[in-house]
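Chemist: Throughout the sequence shown, residue numbering follows mature numbering (1 follows the signal peptide of the UniProt record, and there is no 0), covering -24 to -1, 1 to 284 in sequence.
Next up is a structure, given as structure tokens.
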Amino acid sequence: MNCKRKMLLLILGLSLLLLLDHYSRKNQEEELQLSDWFNPRKRPDVITTTSWLAPVVWEGTFSRKALEKHYRKQNLTTGLAVFAAGRLADKYLELFLHSANKYFLTGYRVIFYVMVDTFVKLPQIRWEPLRRFKVFIVTEDSWLDNADLVRMKTLAKHIIWDIQGEVDFLFSMTVTQIFQNNVGVEVLGELVAQLHSWWYFKDRASFPYERRPRSAACIPFGQGDFYYDGAFVGGTPLEVLNLVEEYLSGVTHDLRLRLNSTYEKHLNKYFFLRKPAKLLSPEYNWDADFYPPPQVQYVKVAQQSKRR
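See the structure below:
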């Protein structure tokens, strides 16, 4: 009896090992390697790889065909959150949504999370297939006092209660942006940061980091990697939530000390400590007031002037 039991346990153990080996090989086959889709040598005129070996996505560096082949199997849903209140919503929301509907992750499921105040009139849009639209009303009356703080608090709340169970990736953008060309699966990643279109071309010593040592956003002189733009950030819902919660914690710390550092400076501190897995070039948020330099060959997203 003992011999039979030992034999059965041995057979069961071998079966489990074979099963684990099968799934391990399957996962290895399905895992997308950086070299499968990214070729930094095709753009020697720009920074294409960080010191921590994260890719910087420029036109010409990536194979969308290879990425499509991988992501089509994943059955993905991506969220795109935009915040709009008052005058900015009236002026830019319809244009933002029309352009995102046309150019953002075409052919993939996307849920647009539009966070507005109670006075905004929502535009009528004919949505492309696989697109959905959700509206969250922001009831706080402090938009004008600190709009960034309100929108981050709102985003955190809705990630926890609504968003995290619906999407695989989540991006947050400002309503003054407009998509001008296809923005596809090359932007997907665990934690994605946007290089600032102005400061990318400046010396690091001139970056407008928070320098006051008492601030939670402080990056000391001589340190820092890039200057990141808060207009376009993303990743998995959990990573975005971590970013937002760190920002809220930093703001709370600073307010106790009567300091008032900006959202973008807190964002830069977060990415200084928690290196992003992927960086988007200035092509993904170019300032429309300036003619692009030779390095910016293909503007994907334009930042509209708020003065217009």
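Ideal Cβ placement from N, Cα and C applies to all residues, glycine included.
1) Among residues of its own chain, excluding the 5 on either side of T150, which ones have a beta-carbon nearer than 6 angstroms to its beta-carbon?
2) Compute the Euclidean distance between the alpha carbons of Y68 and L98, then round it to the nearest angstrom.
3) Out of curiosity, what's the CA-to-CA distance linking L146 and L10?
4) Alpha carbon to alpha carbon, how far is residue 289 from S27?
5) Our contact map puts H172 next to Y223 with C-beta atoms below 8 angstroms; I'd like the distance itself, whole angstroms only.
6) Grouping DSSP H, G and I as helix and E and B as strand, with all else coil, what is Q279?
7) Tell me, please, which residues DSSP counts as bridged to L167.
8) In chain order, which continuous runs of the alpha helix (DSSP H) of length 4 or greater are located wholly inside the stretch 101 to 166?
9) Assign P213 to buried or exposed, taking buried as 16 or more other Cβ atoms, counted over all protein chains shown, within 10 Å of its Cβ.
10) Roughly how many angstroms separate the alpha carbons of L233 and H134, rounded to a whole number?
11) What residue range does the beta strand (DSSP E) around L256 cover?
12) Within a Cβ cutoff of 7 angstroms, which residues of the same chain sit near S281, ignoring the five residues on either side of it in sequence?
13) Return the residue from the list P105, L64, R19 and P268 that minimises the CA-CA distance to T82.
14) Check this for me: beta carbons of S148 and V92, under 7 angstroms apart or not?
15) State yes or no: is the C-beta of N122 nearer than 6 angstroms to some heavy atom of the ligand MN?
16) Answer yes or no: do D21 and Q271 have a C-beta to C-beta separation smaller than 7 angstroms?
17) Let me know the secondary structure DSSP gives R48 once reduced to three states.
18) Does S39 pass the burial test, meaning 16 or more other C-beta atoms within 10 Å, or should it be called exposed?
19) If R180 sits next to G200, beta carbons under 8 angstroms apart, how far is it from one beta carbon to the other, in whole angstroms?
20) Applying the 10 Å Cβ sphere with the 16-neighbour rule, what's the burial state of T228?
21) Tell whether a beta-carbon distance below 7 angstroms holds between V159 and Y79.
Modeler: Quick look at the numbers:
1) To locate residue 150, count along the sequence shown from 1; it is residue 174. Non-local C-beta neighbours of T150 in its own chain, meaning closer than 6 angstroms and more than five positions away in sequence, comprise A207, ordered along the chain.
2) Sequence index remark: in the sequence shown, residue 68 carries index 92 (1-based). Sequence index remark: in the sequence shown, residue 98 carries index 122 (1-based). Rounded to the nearest angstrom, the two C-alpha atoms are 11 angstroms apart.
3) Taking the first residue of the sequence shown as 1, we reach residue 146 at position 170. Taking the first residue of the sequence shown as 1, we reach residue 10 at position 34. Near 21 angstroms, if we compare the C-alpha coordinates of L10 and L146.
4) With the chain represented from -24 up to 284, any question about residue 289 goes unanswered, as that position is not in the structure.
5) Stepping through the sequence shown from its first residue, residue 172 is reached at position 196. Stepping through the sequence shown from its first residue, residue 223 is reached at position 247. A Cβ-Cβ distance of about 17 angstroms is found for the pair H172 and Y223, leaving them out of contact under the 8 angstroms criterion.
6) Reading the sequence shown from its first residue, position 303 is the one you call residue 279. Strand.
7) Counted from its first residue, the sequence shown places residue 167 at position 191. According to DSSP, residue pairing for L167 in a beta bridge involves G211.
8) Fully enclosed alpha helix (DSSP H) runs of 4 or longer: 123 to 134.
9) Against the sequence shown, residue 213 aligns to sequence position 237. Counting the other Cβ atoms within 10 Å of the Cβ of P213 gives 16 or more, which makes it buried.
10) Residue numbering aside, residue 233 sits at position 257 when the sequence shown is read from its first letter. Residue numbering aside, residue 134 sits at position 158 when the sequence shown is read from its first letter. Cα to Cα, L233 sits roughly 29 angstroms from H134.
11) Here residue 256 refers to the residue found at position 280 when the sequence shown is read from its first residue. Bounds of the beta strand (DSSP E) holding L256 are K254 to L256.
12) Walking along the sequence shown from the start, residue 281 turns up at place 305. Result list for S281: A264 and D265, in chain order.
13) Start at 1 with the first residue of the sequence shown, and residue 82 comes out as number 106. The residue with the shortest Cα to Cα distance from T82 is P105.
14) In the sequence shown, the residue the question calls residue 148 occupies position 172. In the sequence shown, the residue the question calls residue 92 occupies position 116. The Cβ-Cβ distance between S148 and V92 does not fall below 7 angstroms.
15) Absent from the structure shown: the ligand MN. Ligands present: none.
16) As a first step, residue 21 is located in the sequence shown; it is residue number 45 there, counting from the start. As a first step, residue 271 is located in the sequence shown; it is residue number 295 there, counting from the start. A Cβ-Cβ contact shorter than 7 angstroms links D21 with Q271.
17) In the sequence shown, counting from the first residue as 1, residue 48 sits at position 72. For R48, the secondary structure class from DSSP, reduced to helix, strand or coil, is coil.
18) As a first step, residue 39 must be located in the sequence shown, where it is residue number 63. Exposed.
19) The residue given as residue 180 occupies position 204 in the sequence shown. The residue given as residue 200 occupies position 224 in the sequence shown. About 6 angstroms separates the two Cβ atoms, so the contact holds.
20) Residue numbering aside, residue 228 sits at position 252 when the sequence shown is read from its first letter. T228 is exposed by the Cβ-count criterion.
21) The residue labelled residue 159 in the question sits at position 183 within the sequence shown. The residue labelled residue 79 in the question sits at position 103 within the sequence shown. Pairing V159 with Y79 gives a Cβ-Cβ distance under 7 angstroms.
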